[in-house]
Amino acid sequence: MPWFCRGERPPASTSLEEYANFLRERKDEGHDGKGIVVQSPSFPMYVVPVEILLKMVEVCPHEELMDRGLLVEFDASLGNAAFVSHQWVGAGHPDPNYDQMRVLQDALRHLLYKAEVVYPSIVSEIALSSTKGLPTAELKSAPLFIWYDYFSCPQREDHKPQQMHAIHSIPAYVARCAFFFGLCPVILNASEQVFTQYTWAERGWCRIEKACRELSLNPTWMIIRGAREIDLVVDPATSLGGPPGEGQFTLMEDHRTLAGVLLRALEETLVAKLTAHDVAGYRALLNLQAVHMRGFPAHREIELVPGYVGSESSESEASSVVPRFFHQNGFTSVREVDSVGWSPLHYAAIRGDAVLIEGLLAQRADPNAKTRKTNRITGFRRGDSALNVCLFYKHNGAVRQLIAGRARVDDAFGGFPAHAAAISDNAEGLRLVCQAGANPRQSFLGAVYPFTIACMFGARAVIEELRALDAVYLKECLVYAMIFRGGTAPMVQQLISMRADVNEPSSTSLSTPLGFLFLLKSLQYRFGSPTPLARAAYGVEGRTALLSAIMTGQYDAAAALIVSRAQLDLRDSSGFSALGLAESMSAPEFLVKALLGQQAACETVVRVMLAKDAIADAEEEEDDDDGSIDGDPLIEERV
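If you use this note's numbering, the sequence shown closes out at 651, no skipped numbers anywhere.
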């Protein structure tokens, strides 16, 4: 991989290049044959052969499985391991009614005996359109073993010390696994609690497990929402959840402990990327560490490259931070771009340091420079600006600095900044760019409005901000929310309260880019490539929000639509009815019963989800200040 872009003179040897050469000269101690960083667990890694798991009829604890000789201490020479990340759905037991495990068994049978490819999720396919699916032959290429916490970690009270060693070895177990499953079907348990992919993604431990996978050199993973609703996630930037430190923890002790665990995982992955000469990946991850560590207590900053000597001159803070940034990132000039066409300002935007951005702008960095290629770790593609990057990662202090530095708030080449704020539910960022002159009603490519994007990504705070700005666009908003990542009961309630039509059918126009995309994906489905996006596009004409929610496995949202009096007898252009679609997809019992006229359980699901959301909103209001940005001097200077 070149260190500089074609057409530019190569920079002088940097400290980063010298350090990377030093790392490559070392022996590859601490890495396995697949290039994944290997950590040493403090408790043996016990797994269950997949053949044994498929025969189970109840979820038994570790000690019982050990006594019966059903556990194996894993070693890479035995085959491949798969890590199962899941949320416990019972008190004191992970799955008392065998709901989750039944889905896992059916999903594994589907993967091992029926499916040929696991296709990228809808969001992954849109973000990285060139991504291919995972051939299931890889799952069958060697004996497969399953790591599942209740099986693999000691459970008895007198085994508490061993249990703690096993729990804190989870990042090491993740690193040893060739595959990673996020098991999160929609479940209504006996205590009237509802579990979904979104509640799974809120749990701090689930986030740390997912983060360890996404920080490895093999970051792809599979999300299992049903027996056949299995998607490949290839884009960490837009995957479910957020930073582990902002997740929900039962014990605050875990919160403190895991900060160090995640920091070590970050450091090991940075070393691995430099050793592999993935400089663009190293730069992206180095500057993303503040995002990954968000929500944890103050921590040391990882700086791998030794030898930096600061200046003793009385220069400003903004000027003094630039040389240190250049030293760690291997840059020599603000105008330099790397092998993926990213400039120092783009990486500084990932970092979100407003003082650093001020220093780069003072050295005449172009605030409107565009990325030239995709940097897979960040999820950003060709044509994005530093402002879009800051908005996406909610670095709003840096947003202010870029706006003051004349960053364009109406630049549509890579998507309007308002759209970037909508994707990440950055209501404050949206407010900032609108105060600086951005138009919240401006559509991208004549079809996709900020409000539409907010619905697609479940950005409920941005939706409220757009409502305040009189920038609501309700056309097909419920359908788009259900196709993409807005399929929750609170989102349904929010949009219906704004007078969205619960029975509005989809009507795609070929004159719009989105309509043309759906046409292409529909043809792709017809010719034997049934990706989740292609499946959603096929027959989309006339499809209602209810049909879309069922098709994408967002069953709690489907329940909310039914309770909101969605018509149950409507069909899409393929002839699918809600009941027929639900039965073909093995939808949860509460949904099938509701489609047959028995709505009691469905109403319970909606009531529970809305109550939980109300509690979360109340807690957030207590924790946050008013977030006012009125009179911001940087914004006033720009205006």
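We treat Cβ as the ideally placed atom computed from N, Cα and C, and that holds for glycine.
Bear in mind that the values here come from a model prediction, so they are computed numbers and not experimental data.
Within the same chain, Cβ atoms closer than 7 Å to the Cβ of ARG306 are found at PRO255, GLY257, GLU258, the five residues on either side in sequence being excluded. Non-local beta-carbon contacts of TYR185 in its own chain, meaning distances under 7 Å to residues more than five positions away in sequence, involve PRO53, MET57, PHE95, TRP159 in chain order.
Per the coordinates, the alpha-carbon of PRO356 lies some 15 Å from the alpha-carbon of PHE392.
The DSSP-derived three-state label of LYS605 is helix. Scanning its chain for C-beta atoms nearer than 6 Å, with the 5 sequence neighbours on each side dropped, one finds around ALA127 the residues THR148, in chain order.
Along the length of the stretch 240-271, whole alpha helix (DSSP H) runs at least 4 residues long do not occur. Look at the beta carbons and you see the stretch 83-99 touching the stretch 192-202: at least three pairs across the two are nearer than 8 Å. GLY551 carries a coil assignment under DSSP once its states are collapsed to helix, strand and coil.
Between ARG420 and ALA448, the alpha-carbon positions lie close to 9 Å from each other. If you draw a straight line from the Cα of GLN167 to the Cα of GLN175, it comes to about 7 Å. It is roughly 25 Å from the alpha-carbon of CYS489 to the alpha-carbon of THR616. For GLY322, there is no enclosing alpha helix (DSSP H), as DSSP marks it with neither H nor E. Here the alpha carbon of CYS189 sits roughly 13 Å from the alpha carbon of SER181. Excluding its 5 nearest sequence neighbours in each direction, PHE337 has C-beta neighbours in its own chain below 6 Å: LEU368, listed in chain order. Runs of beta strand (DSSP E) with 3 or more residues, each lying fully within the stretch 78-142, are found at 92-98, listed in chain order. Taking one beta carbon from each stretch, the stretch 520-537 and the stretch 558-572 have fewer than 3 pairs nearer than 8 Å; the two do not touch. TRP233 is bridged by DSSP to VAL245. Its Cα nearest to that of PHE86, the residue SER164 stands out among LEU275, SER164, ARG38. Taking 7 Å as the cut-off, the Cβ atoms of THR390 and ALA277 do not count as close. In this structure the stretch 127-145 lies against the stretch 236-249, because at least three pairs of beta carbons, one per stretch, are closer than 8 Å. In the DSSP assignment, SER589 forms a beta bridge with ARG583.
Going by DSSP, VAL59 is part of the beta strand (DSSP E) stretching over 58-61. Around PRO108, the same chain offers GLY102 as residues with beta carbons nearer than 6 Å, after the five sequence neighbours per side are excluded. Among the bridge pairs identified by DSSP, LYS382 is matched with SER397. A direct Cα-to-Cα measurement between VAL198 and GLY499 gives close to 12 Å. By the C-beta density criterion, PHE34 is exposed, having fewer than 16 other C-beta atoms within 10 angstroms.
Contact between the stretch 573-581 and the stretch 589-609 is present, with at least three C-beta pairs closer than 8 Å. ARG219 places its beta carbon 7 Å or farther from that of GLN99. Boundaries for TRP217: no beta strand (DSSP E) harbours it, while the alpha helix (DSSP H) harbouring it runs 216-226, taken from the DSSP string. Boundaries for ILE389: no beta strand (DSSP E) harbours it, and the DSSP string shows neither H nor E there. Unbroken beta strand (DSSP E) runs of no fewer than 3 residues, entirely contained in the stretch 507-550, are not found.
DSSP, reduced to helix, strand and coil, places GLY307 outside both helices and strands of the structure shown, so it counts as coil. Beta-bridge annotation (DSSP): GLY194 is paired with SER97, ILE235. PHE428 counts as buried, since no fewer than 16 other beta carbons sit within 10 angstroms of its beta carbon. With respect to the 7 Å criterion, ALA439 and VAL474 are classified as neighbours on the basis of their beta carbons. Inclusion of ASN387 and ALA292 in the CB contact set at 7 Å is warranted, their separation being smaller than that value.
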